[in-house]
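Student: Under our numbering, think of the first position of the sequence shown as 890, with each following residue one higher.
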Amino acid sequence: MTILSAAKSTFGYSVPTLVAGGGACGLVAALAAHDAGQEVVVIERDPLPRGSTSMSLGALCAAGSADQARHGVEDNADIFLADVMAKTKGTADPVVARAVGAMSGPMIDWLRERHDVLIALDTNWPPAFGHSRMRMHVTPGRSGADLIDQLLAACDRAEIPIVTNARLTGLFADDRTVAGIRTERPDGSVEDIGCDRLILATCGFGGNHAMIERFIPAMAEARYFGWEGNQGDGIRLGAELGGALADMDAYQGLGLLADPAGIDLNPRFLIEGGIQVNRDGLRFSNELDDVSGQGARVIAQPGSRSWVIYDQRIHANCFDLPQYVQLCEVGGVIHAESLAELADRAGINPVGLAVTLASIPIGETDSWGRSFTGLALAPPFYAARVAGAIFHTQGGLTIDAAARVVDAHGQPFPNLFAGGGAARGISGRGASGYLPGAGLASAMTLGHIAGKFTQSLTEKEVG
Ligand SMILES: Cc1cc2nc3c(=O)[nH]c(=O)nc-3n(C[C@H](O)[C@H](O)[C@H](O)COP(=O)(O)OP(=O)(O)OC[C@H]3O[C@@H](n4cnc5c(N)ncnc54)[C@H](O)[C@@H]3O)c2cc1C
């Protein structure tokens, strides 16, 4: 990663808006820039843009969408901000959290109406894990792969060029102003491209073990289950230029990575009434209070594994999830008529499991603070073995409400923007501030804000 002097640059060509990274953030930024009348080019290090977006469950939280209104869900930026600040214990940047709250709903409406990206409220996701409103939105395929395919198709329809196999490795800049970028091809050749402004959408640093060791040492030995190409390139370049970094220990973890299949189990299994036990058959947490911090809790269990236990009703209710269907197909789910048989086949202590199920306080709240409002689990039973993992880093470049990178004094760089995993998210510090859907919400909303920024728009109009 290098900062090069703009005075020494000779660019093969120049574009008004350059987006680095072709995930959810970069593609939404490109669509927004296009709609703002700017010529835009996306560069992407891989042969095909996929990113962590393609691995995700594709569910994003958003406030104030037209679809929420259609379903009678009252939600807005104030409620969203209050949820974020409560979940992060006040550590999230309120300016960015408010911007995401205010613009996420309109961003979804714009993608639907203007670009035929079919995102709708998921009425199967009740408010949970810190969301006080029903606000998870999904595409019809209910997966990140479907979401990225829809965004790519929209970029294709808008005739936005995406230059693949081009990795951002350097910035040309003088006096805090970016003049262009250096890209490196897989054969080692370099190409320099000029730009009037640059949007960093190269995600976080989950794939960079040295950075994880430095910033999130507690998860250095945990499995990383995100896009390997996310090496923190944009974050490092922005920081070299003088951009401030924040919340670098923040990450999205999950204690629901099916093992050994490597498919993430949707938290809905727990919301619907499932529980998580260790190999002794014992629960070890309130499964619903910290979707992200549950990853570290699972890692702390004997053998670093856990089992999600649920029943036929939950199995049927969740069978609309493509990842779950896939997990069943690859044999990652155990099905048994009795609890004893389930314990035997899963390798869980049968006595511990029986005691655990018998002591679930249906209609009441347990000692961890989980309220069991639904039905008791009943045979036949199901079990899926899961591991804890780190999915995505949430710290990064500090930005303002217009997604401009700012320095340590809060001064924005005039033409450098960041969003998604490259920017500080809305999760505050550590793992526990992560709200479900916040990764894609930040990526797409900040991409939208950065993309539509032009000098003629004031910050108020943008965010
Ligand atoms: C298993 C899993 C499940 C998840 N589920 C959810 C979910 O349901 N809801 C949610 O909100 N979030 C979820 N997340 C988090 C979510 O995926 C991310 O927050 C989001 O995808 C980030 O978007 P992005 O555009 O910043 O990054 P990405 O989608 O990773 O895109 C970054 C792109 O930049 C490219 N790139 C990287 N470096 C360079 C470089 N130097 N030059 C050029 N290109 C580069 C990468 O190849 C990639 O294509 C999940 C993550 C994982 C791993």
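Backbone N, C-alpha and C define an ideal beta-carbon position, used for all residues, glycine too.
1. Apart from the five residues on each side of it in sequence, which residues of its chain come closer than 6 Å, Cβ to Cβ, to D1011?
2. Among the candidates A1243, L1216, R1293, whose CA atom is the shortest distance from the CA of R1274?
3. Return the chain-ordered list of same chain residues with a C-beta closer than 6 Å to the C-beta of E1117, the five sequence neighbours on each side being excluded.
4. Spatial neighbours of R1172 within its chain, please: C-beta separation below 7 Å, excluding the five flanking residues on both sides.
5. What is the DSSP secondary structure of E1348, reduced to helix, strand or coil?
6. Tell whether a beta-carbon distance below 8 Å holds between E933 and T906.
7. With which residues is I1082 paired in a DSSP beta bridge?
8. I'd like to confirm something about R939: is its beta-carbon nearer than 7 Å to some heavy atom of ligand 1, or not?
9. Where does Q1039 fall in DSSP's three states?
10. Could you give the first and the last residue of the continuous beta strand (DSSP E) run that contains L1060?
11. Go ahead and label W1257 buried or exposed: buried means 16 or more other beta carbons lie within 10 angstroms of its beta carbon, across all protein chains shown.
12. Taking the runs of the beta strand (DSSP E) that are 3 residues or longer, which of them lie wholly in the region 1139-1224?
13. Could you check whether the Cβ of T942 sits closer than 7 Å to any heavy atom belonging to ligand 1?
14. Please report the residue range of the alpha helix (DSSP H) in which M996 lies.
15. Look at the Cβ atom of G1170, then the Cβ atom of A1247, and state whether they are nearer than 8 Å.
16. Do the CB positions of I997 and G1308 come within less than 8 Å of each other?
17. So, helix, strand or coil for L1134, using DSSP?
18. For H1020, name the three-state secondary structure that DSSP assigns.
19. Consider the C-beta atom of A1327 and the heavy atoms of ligand 1; say whether any pair is separated by less than 7 Å.
20. For the alpha helix (DSSP H) containing H1298, name the first residue and the last one.
21. Nearest to G1313 by CA position, among S1181, S1021, V1295, F1114, is which residue?
22. For the pair the region 956-967 and the region 1288-1305, tell me if three or more CB-CB distances fall below 8 Å.
23. Per DSSP, what kind of secondary structure is F1104 in: helix, strand or coil?
24. Short of 7 Å in beta carbon distance, which residues of its chain neighbour K1349, apart from the five on each side in sequence? Order them along the chain.
Tutor: According to the structure shown:
1. For this step, residue 1011 is matched to residue 122 along the sequence shown. The residues are M1025, V1027.
2. Walking along the sequence shown from the start, residue 1274 turns up at place 385. Ranking A1243, L1216, R1293 by Cα distance to R1274 puts L1216 first.
3. In the sequence shown, counting from the first residue as 1, residue 1117 sits at position 228. Here the set comprises G1096.
4. For the purposes of this step, residue 1172 is taken as the residue at position 283 of the sequence shown. Excluding sequence neighbours, R1172 sits near I1164, Q1165, V1166, T1245.
5. Position 459 of the sequence shown, counted from the first residue, corresponds to residue 1348. Low confidence applies here, because E1348 scores a pLDDT of 48, under 50, leaving its location unreliable; read the following figure in that light. Residue state, collapsed to three classes: helix.
6. Here residue 933 refers to the residue found at position 44 of the sequence shown. Here residue 906 refers to the residue found at position 17 of the sequence shown. Not closer than 8 Å, so no.
7. One-based indexing of the sequence shown puts residue 1082 at position 193. According to DSSP, I1082 bridges with Y902, I1070.
8. As a first step, residue 939 is located in the sequence shown; it is residue number 50 there, counting from the start. R939: yes, Cβ under 7 Å from ligand 1.
9. Position 150 of the sequence shown, counted from the start, is the residue given in the question as residue 1039. Note: Q1039 maps to helix in three-state DSSP.
10. Numbered from 1 along the sequence shown, position 171 holds the residue referred to as residue 1060. 1056-1063 is the extent of the beta strand (DSSP E) around L1060.
11. Looking up residue 1257 in the sequence shown gives position 368. So W1257 counts as exposed.
12. 1140-1147, 1164-1166, 1194-1200
13. In the sequence shown, the residue the question calls residue 942 occupies position 53. Under cutoff, so the answer is yes.
14. Walking along the sequence shown from the start, residue 996 turns up at place 107. Here the alpha helix (DSSP H) through M996 covers 983-1004.
15. For the purposes of this step, residue 1170 is taken as the residue at position 281 of the sequence shown. For the purposes of this step, residue 1247 is taken as the residue at position 358 of the sequence shown. Going by C-beta atoms, G1170 is not nearer than 8 Å to A1247.
16. On the sequence shown, position 108 is the one that residue 997 refers to. On the sequence shown, position 419 is the one that residue 1308 refers to. Contact flag unset, no.
17. By 1-based counting over the sequence shown, the position of residue 1134 is 245. Reduced to three states, the DSSP call for L1134 is strand.
18. Along the sequence shown, read from residue 1 onward, the residue named residue 1020 stands at position 131. Correct three-state label for H1020: coil.
19. Reading the sequence shown from its first residue, position 438 is the one you call residue 1327. Correct: A1327 has its Cβ closer than 7 Å to ligand 1.
20. Translated into positions along the sequence shown, residue 1298 becomes position 409. Careful: H1298 lies outside any alpha helix (DSSP H) and carries neither H nor E.
21. As a position in the sequence shown, residue 1313 is number 424, starting the count at 1. Checking the sequence shown, residue 1313 turns out to be Arg, not Gly. If we check each option's Cα against that of R1313, V1295 comes out closest.
22. no
23. Within the sequence shown, residue 1104 is the residue found at index 215, counting from 1. Reduced to three states, the DSSP call for F1104 is helix.
24. Here residue 1349 refers to the residue found at position 460 of the sequence shown. Bear in mind that a pLDDT of 49 at K1349, under 50, signals an unreliable position, so the number given afterwards is only what the model happens to contain. Around K1349: no qualifying Cβ.
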